[in-house]
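Working notes, structure below.
Residue numbers (UniProt numbering), protein chains in the order written: chain A, 1 to 356; chain B, 1 to 356.
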């Protein structure tokens, strides 16, 4: 099944970037990102200024801005960690978000052509997902592909896609132990596929190259408490991914992974990473079974309701592992309160249709 | 994680082919298949002779042979339909089976090199599967790949792989309605990936280009009752795939799909296919939810026990749809009886270790 020509979504998509330390980054992406509005969330010292090259339309938030806008609720936003990027998801007013790290450059496809990552994300997110049955020729909505023999026709319309998870050539997204064991491994395999992650299956969502539909799943895209003052780092996107997937499965929404690739230019320091990760490496052995077993009630019909239910289960089931999860559970609630404050329900969404 | 050099498995693998009508077929595959033993199962008129080129080591079975070997139990083997190939799985004495259709030729990879499909299947089947969590860089056991950040370490050893499902360039494996709507569509996309189909997810297993471990899953590879005297065709491999996947999930075995590709040379007639398929197109709307909901008891610890449990559920739940499923359920039991007759348990497998 083919989808029509990719629209640009210029007025419907924001680009969210954690602190830009790498000046080349925006220049390299200029042809692709300049048509869009940028939201940059500075993770460190608010007095340090960030230079944005001319021609970009952007807003920049530092810690002082976050504190001013959210007040005491700013406690749910990580400090000195790129997890703070989720503040950008909250202040955006657009339907779609593309988030990317500043060490991710434009990749080339096997023919040598530059990959317009955002265009592929838009294709992914605008075409349905198929989480209920696996299609062996991958995304049936791509040009030249379709559903294969034996695919039930009732499932072919698919469900709305909430998330498009892109991948990385060059430096793969490995954990510290794997980085240490395989310091020279590079991802050179261009896999020309997009696929829906089946219902009931969790995946490791990486925040380096990610697009999502804010209206469908935004309130679940919380990147948790990482970095300064926290016992853990580098699990911000993972945490969001596990919550997002459980909620998408509950609400009948789709998550795609695969294309587009970006070029991940440099590996972060494995020793620093190990320090950030080591508790997570233990904890994920309990966190994954927790999310695999998590169920949400029939009453939870909005992302917010789902997320609040999940936060309670986090406190109840993961609080035993470490007090960190009590704090995280509270922060999940604060995040939703802050989200709703900045994103009040539209008039049309009021239950009886009456204006506020 | 890398696996060691691919062994040939010459003495451990049989090639099963339904009737060879296409004489070019074996010549094209000669460099790849000649080292192996071939089991050819003739689907039609037993008086018609099949010419096998010199140099191949093969055994050929026609309907008279099947009747002679299985006696009354031959009723479980389809007549005048390539579904009869599963008789070959039963008479083989090897650990692995590669089955391929005679309209499948050697494909080329994007660099123009001929693809040794069997070598890739062997790689797939000898390396573990990872059905409990999705790895975004696909098969972590391929050269140059690994598990990504956030993948629980306890799940990284994986589980034994029971099935390797290969794909097709050129003519895609579409159902009749899709063939009719898209007569000119060709699969030209070479997706350089192998992946585990997650636990709990069903897929449309195509028998054109398939490898499996007989010892792990053989008795579930029954291709059902199709063709002559049956109300349905072209669901033989699908039926096997659904049963196989439910049983693999229950027993903790893996199913991989993706590479290798073969070149599927010609589309079968969509009008003929529609006639064979149309009941299946209705029925699969009930069959898929049936298999998605099917659970096996803790007592079912062998493939045979699982399959017999499944056969009872088929009778109970699908028998309502059409009497065909009663017949099929009985045939599933007959198939297991015939399998056990031709494949008696090895002495070491006797419960108390005593020789028979």
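The beta carbon of each residue, even a glycine, is placed where N, CA and C say it ideally should be.
Since the structure is predicted, the reported quantities are computational estimates derived from the model, not experimental observations.
Test: residue i CB closer than 9 Å to a CB of chain B
{"i": "residue 125 of chain A", "result": "no"}
{"i": "residue 199 of chain A", "result": "yes"}
{"i": "residue 165 of chain A", "result": "yes"}
{"i": "residue 202 of chain A", "result": "yes"}
{"i": "residue 18 of chain A", "result": "no"}
{"i": "residue 105 of chain A", "result": "no"}
{"i": "residue 260 of chain A", "result": "no"}
{"i": "residue 145 of chain A", "result": "yes"}
{"i": "residue 35 of chain A", "result": "no"}
{"i": "residue 6 of chain A", "result": "no"}
{"i": "residue 224 of chain A", "result": "no"}
{"i": "residue 325 of chain A", "result": "no"}
{"i": "residue 21 of chain A", "result": "no"}
{"i": "residue 302 of chain A", "result": "no"}
Paired residues, beta bridge with residue i - DSSP
{"i": "residue 114 of chain A", "result": "A:108"}
{"i": "residue 165 of chain B", "result": "B:210, B:257"}
{"i": "residue 20 of chain A", "result": "Beta-bridge pairing links residue 20 of chain A to no other residue."}
{"i": "residue 99 of chain A", "result": "A:16, A:210"}
{"i": "residue 129 of chain A", "result": "A:159"}
{"i": "residue 187 of chain B", "result": "B:170"}
Where residue i falls: helix, strand or coil (DSSP)
{"i": "residue 229 of chain B", "result": "coil"}
{"i": "residue 196 of chain A", "result": "strand"}
{"i": "residue 308 of chain B", "result": "helix"}
{"i": "residue 219 of chain A", "result": "helix"}
{"i": "residue 39 of chain A", "result": "strand"}
{"i": "residue 59 of chain B", "result": "strand"}
{"i": "residue 175 of chain A", "result": "coil"}
{"i": "residue 79 of chain A", "result": "strand"}
{"i": "residue 159 of chain B", "result": "strand"}
{"i": "residue 262 of chain A", "result": "strand"}
{"i": "residue 148 of chain B", "result": "coil"}
{"i": "residue 316 of chain A", "result": "helix"}
{"i": "residue 120 of chain B", "result": "helix"}
{"i": "residue 341 of chain A", "result": "helix"}
{"i": "residue 238 of chain B", "result": "helix"}
{"i": "residue 273 of chain A", "result": "helix"}
{"i": "residue 27 of chain A", "result": "helix"}
{"i": "residue 205 of chain A", "result": "coil"}
{"i": "residue 327 of chain A", "result": "helix"}
{"i": "residue 334 of chain B", "result": "helix"}
Cβ distance (whole Å) where residue i is taken to contact residue j below 8 Å
{"i": "residue 223 of chain A", "j": "residue 85 of chain A", "result": "6 Å"}
{"i": "residue 139 of chain A", "j": "residue 256 of chain A", "result": "7 Å"}
{"i": "residue 97 of chain A", "j": "residue 14 of chain A", "result": "6 Å"}
{"i": "residue 196 of chain A", "j": "residue 254 of chain A", "result": "5 Å"}
{"i": "residue 65 of chain B", "j": "residue 38 of chain B", "result": "Actually they do not touch by this definition, with Cβ atoms about 15 Å apart."}
{"i": "residue 155 of chain B", "j": "residue 148 of chain B", "result": "Actually they do not touch by this definition, with Cβ atoms about 12 Å apart."}
{"i": "residue 116 of chain B", "j": "residue 32 of chain B", "result": "6 Å"}
{"i": "residue 209 of chain A", "j": "residue 171 of chain A", "result": "With a Cβ gap of about 12 Å, residue 209 of chain A and residue 171 of chain A do not count as contacting."}
{"i": "residue 187 of chain B", "j": "residue 169 of chain B", "result": "6 Å"}
{"i": "residue 275 of chain B", "j": "residue 232 of chain B", "result": "Contact doesn't hold; Cβ gap of about 10 Å is too wide."}
{"i": "residue 82 of chain A", "j": "residue 35 of chain A", "result": "The pair is not a contact, with the Cβ atoms about 24 Å apart (cut-off 8 Å)."}
{"i": "residue 192 of chain B", "j": "residue 259 of chain B", "result": "7 Å"}
Below-9 Å beta-carbon distance, residue i vs any chain A residue
{"i": "residue 314 of chain B", "result": "no"}
{"i": "residue 231 of chain B", "result": "no"}
{"i": "residue 206 of chain B", "result": "yes"}
{"i": "residue 119 of chain B", "result": "no"}
{"i": "residue 238 of chain B", "result": "yes"}
{"i": "residue 149 of chain B", "result": "yes"}
{"i": "residue 330 of chain B", "result": "no"}
{"i": "residue 235 of chain B", "result": "yes"}
{"i": "residue 212 of chain B", "result": "no"}
{"i": "residue 98 of chain B", "result": "no"}
{"i": "residue 318 of chain B", "result": "no"}
{"i": "residue 241 of chain B", "result": "yes"}
{"i": "residue 142 of chain B", "result": "yes"}
{"i": "residue 344 of chain B", "result": "no"}
Below 9 Å between beta carbons is the criterion; list the residues of the region 182-196 of chain B that meet it against any residue of chain A, in chain order.
Within the region 182-196 of chain B, the residues whose Cβ lies closer than 9 Å to some Cβ of chain A are 182, 185, 186, 187, 188, 189, 190, 191, 192, 193, 195, listed in chain order.
Mind checking the region 81-92 of chain A against chain B and listing, in chain order, the residues whose C-beta falls within less than 9 Å of any C-beta there?
Answer in chain order: no residues at all.
Of all the residues that make up the region 264-298 of chain A, which are near chain B by a beta-carbon distance shorter than 7 Å?
When CB distances to chain B are screened at a threshold of 7 Å, the residues of the region 264-298 of chain A falling below it are 281, 284, 285, 288, in chain order.
Taking a Cβ distance cut-off of 7 Å, strictly less, list which residues of the region 44-65 of chain B are near chain A, in chain order.
When CB distances to chain A are screened at a threshold of 7 Å, not a single residue of the region 44-65 of chain B falls below it.
With 7 Å as the limit, tell me which residues of the region 150-161 of chain A have their beta carbon closer than that to any beta carbon of chain C; keep them in chain order.
Going by chain labels, chain C is absent from the structure shown, which instead holds the protein chains A and B.
What residues from the region 168-180 of chain B come within 7 Å of chain A, judged by C-beta to C-beta, listed N to C?
For the region 168-180 of chain B, the beta-carbon criterion of a distance under 7 Å to any beta-carbon of chain A is satisfied by 172, 173, 174, 175, 178.
Compile a chain-ordered list of the residues in the region 126-139 of chain A whose CB is closer than 7 Å to at least one CB of chain B.
So the list reads 133, 134, 136, 137, 138, given in the order they occur along the chain.
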